[in-house]
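Only one structure is covered here, and it is reproduced in the block below.
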Amino acid sequence: MATAAVSAPAGCGPSPGPGTELVRGQAFDVGPRYSNLSYIGEGAYGMVCSAYDRDNKIRVAIKKISPFEHQTYCQRTLREIKILLRFKHENIIGINDIIRTPTIDQMKDVYIVQDLMETDLYKLLKTQHLSNDHICYFLYQILRGLKYIHSANVLHRDLKPSNLLLNTTCDLKICDFGLARVADPDHDHTGFLTEYVATRWYRAPEIMLNSKGYTKSIDIWSVGCILAEMLSNRPIFPGKHYLDQLNHILALDLLDKMLTFNPHKRIEVEEALAHPYLEQYYDPTDEPVAEAPFKFDMELDDLPKETLKELIFEETARFQPGFRS
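Residue numbers for the sequence shown follow our numbering, beginning at 81 and rising by one.
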């Protein structure tokens, strides 16, 4: 349940300065543009709040990240910022603004401003059964976003229901690219893609079997697991009429192709989009790909946290007052 931002109680240290609000004891120094903060949740290295954007007169989500003590957190933060600033797609969460201090020495936190989405698929599946229409539409949007991600030579590597954001009009956006990796087809990644990936329930068998050379098919496996989860909170063939029944059978056919054990035989994202189950939404003219795929030299594994901090500072410069490209 959202909790409104509160002022510091009397006698509990200095009050926050102008442009700063306290949320559950944490200072959000987000400047005068964003106000009326409310707690949404928190992860391993950051809290998320909603806030009112005075410029655009809408509520937005603000994620406070404090990664600079740990090389891994720096790496994931930089990776997510680099990827999301280059991506532009309706089914992938974007970055609207980034707030940080004007100097690198003062920079302890980074605030990422994004569209506010009302819920995620994990929360939705806990509270209600989905109709076949909802399942089909959600799956189409996941695959449409994934087609764009894969066209940029990126593996998401952590697709799961809680990383699929939803709003009240059933728009879906893929989020959380902190574990994503570049899969440059011109580079041999064997022995390189070894970092921990994917929540275990959605992890492809080749990862669990310690394969060092996995491919985009790991994301397809995760989507198959998500499809199975959407389908499984009801009898497997409960069709109200023969068309509905056929739709369920087609969904299972697509599921079978996604959960193929051999990654080389697993269906690819373009084929999945063209599957008869998604026929009512399929439109290859409206399923864009990335204009500039990522290259292997954009990977960040061996950089110390000080260098990563400098790169985060540079990557976020475009949002700072007076920036000139």
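For each residue, glycine too, the CB sits at the ideal point set by N, CA and C. Computed from a predicted model, the values in this text were never measured in an experiment.
Does the separation of the CB atoms of V128 and T157 fall below 8 Å?
No, the Cβ-Cβ distance between V128 and T157 is not below 8 Å.
In or out: I138 buried (at least 16 other Cβ within 10 Å) or exposed?
I138 comes out exposed.
S312: buried (16+ other C-beta within 10 angstroms of its C-beta) or exposed?
Exposed is the call here.
To which residues of the same chain is P285 closer than 7 Å at the C-beta, ignoring the five residues directly before and after it?
Cβ within range, chain order: F341.
For R257, does the count of other Cβ atoms within 10 angstroms reach 16, so buried, or fall short, so exposed?
The sequence given here has Phe at residue 257, not Arg. Burial call: buried.
Taking the alpha-carbon positions, what's the A232 to F167 distance?
A232 and F167: Cα-Cα distance of roughly 9 Å.
Could you check whether the Cβ of G304 sits closer than 7 Å to any heavy atom belonging to the ligand ZN?
Only the bare structure without any ligand can be found here, which leaves the ligand ZN out of the picture.
If we count the other Cβ atoms within 10 Å of its Cβ and call it buried at 16 or more, is F218 buried or exposed?
Buried: at least 16 other Cβ atoms inside 10 Å.
Are the CB atoms of I300 and V262 nearer to each other than 8 Å?
No, the Cβ-Cβ distance between I300 and V262 is not below 8 Å.
Ends of the alpha helix (DSSP H) at R156?
Note, R156: alpha helix (DSSP H), Q151 to R166.
Looking at the structure shown, is R134 part of a helix, part of a strand, or coil, going by DSSP?
Coil.
Would C346 be called buried (16 or more neighbouring beta carbons within 10 Å of its own) or exposed?
One detail in the question is off: residue 346 reads as Arg in this sequence, not Cys. Buried, because 16 or more other Cβ atoms sit within 10 Å of the Cβ of R346.
Determine, using beta carbons only, whether L244 and L252 come nearer to each other than 8 Å.
For L244 and L252, yes; Cβs fall inside 8 Å.
Using beta-carbon positions only, say whether T199 and L246 come within less than 8 Å of one another.
Cβ atoms of T199 and L246: closer than 8 Å.
Roughly how many angstroms lie between the CA atoms of S146 and G126, to the nearest whole one?
Going from the Cα of S146 to the Cα of G126 covers about 6 Å.
Using CA coordinates, which residue listed in L259, A370 and E395 is at the minimum distance from T152?
The residue with the shortest Cα to Cα distance from T152 is L259.
How would you label V103, buried or exposed, when you count the other beta carbons within 10 angstroms and need 16 or more for buried?
So V103 ends up on the buried side.
Tell me the DSSP secondary structure of D109 in three-state form.
Residue state, collapsed to three classes: strand.
Can you tell me the Cα-Cα spacing of I142 and L332, whole angstroms?
Straight-line Cα distance between these residues: approximately 38 Å.
So the alpha helix (DSSP H) Y191 belongs to, where does it begin and stop?
Per DSSP, Y191 belongs to no alpha helix (DSSP H); it is in the beta strand (DSSP E), V190 to D195.
If you draw a straight line from the alpha carbon of R237 to that of T248, how long is it in whole angstroms?
So the two alpha carbons sit approximately 27 Å from each other.
What is the DSSP secondary structure of D200, counted as helix, strand or coil?
Correct three-state label for D200: strand.
Note down, one range per segment and in chain order, each alpha helix (DSSP H) of at least 4 residues found wholly within the region 323-383.
Listed in chain order, the complete alpha helix (DSSP H) runs (minimum 4 residues) inside the region 323-383 are 349-353.
Going by C-alpha distance, which of K206, K296 and N290 is nearest D264?
The candidate whose alpha carbon is nearest that of D264 is K296.
Go ahead and label S302 buried or exposed: buried means 16 or more other beta carbons lie within 10 angstroms of its beta carbon, across all protein chains shown.
It counts as buried.
Taking just the CA atoms, how far does L334 sit from R398?
Distance between the alpha carbons of R398 and L334: 42 Å.
Could you give the residue range of the alpha helix (DSSP H) that holds D299?
D299 -> alpha helix (DSSP H) spans S297 to L311.
Measuring only the C-alpha atoms, how far is G271 from I287?
Any answer about G271 is weak, because its pLDDT of 47 lies below 50 and its placement is not dependable; what the coordinates show is given next. For G271 and I287, the distance between alpha carbons rounds to 12 Å.
Grab me the residues of D195's own chain with a C-beta within less than 6 Å of its C-beta, minus the 5 sequence neighbours each way, in chain order.
Excluding positions up to five away in sequence, the list is empty.
Going along the chain, which residues of its own chain have a beta-carbon closer than 7 Å to the beta-carbon of D135, five neighbours each way excluded?
Hits under 7 Å: R113.
Could you check which residue in R404, E170 and G111 has the C-alpha nearest to that of L226?
Comparing Cα positions, the closest option is E170.
Could you name the residues of the same chain whose beta carbon sits closer than 6 Å to that of Y361, not counting the 5 residues immediately before and after it, in chain order?
Cβ neighbours of Y361 beyond the five flanking positions: Y220.
Following the continuous alpha helix (DSSP H) through N212, name the residue where it begins and the one where it ends.
Where N212 is concerned, the enclosing alpha helix (DSSP H) stretches over N212 to S231.
Rank S115, F148 and A352 by C-alpha distance to the C-alpha of E386 and give the top, closest one.
Minimum Cα distance to E386 is reached at F148.
Apply the 10 Å Cβ neighbour rule to V110 and answer buried if 16 or more other Cβ atoms are within range, or exposed otherwise.
The residue in question, V110, is buried, as its Cβ has 16 or more Cβ neighbours within 10 Å.
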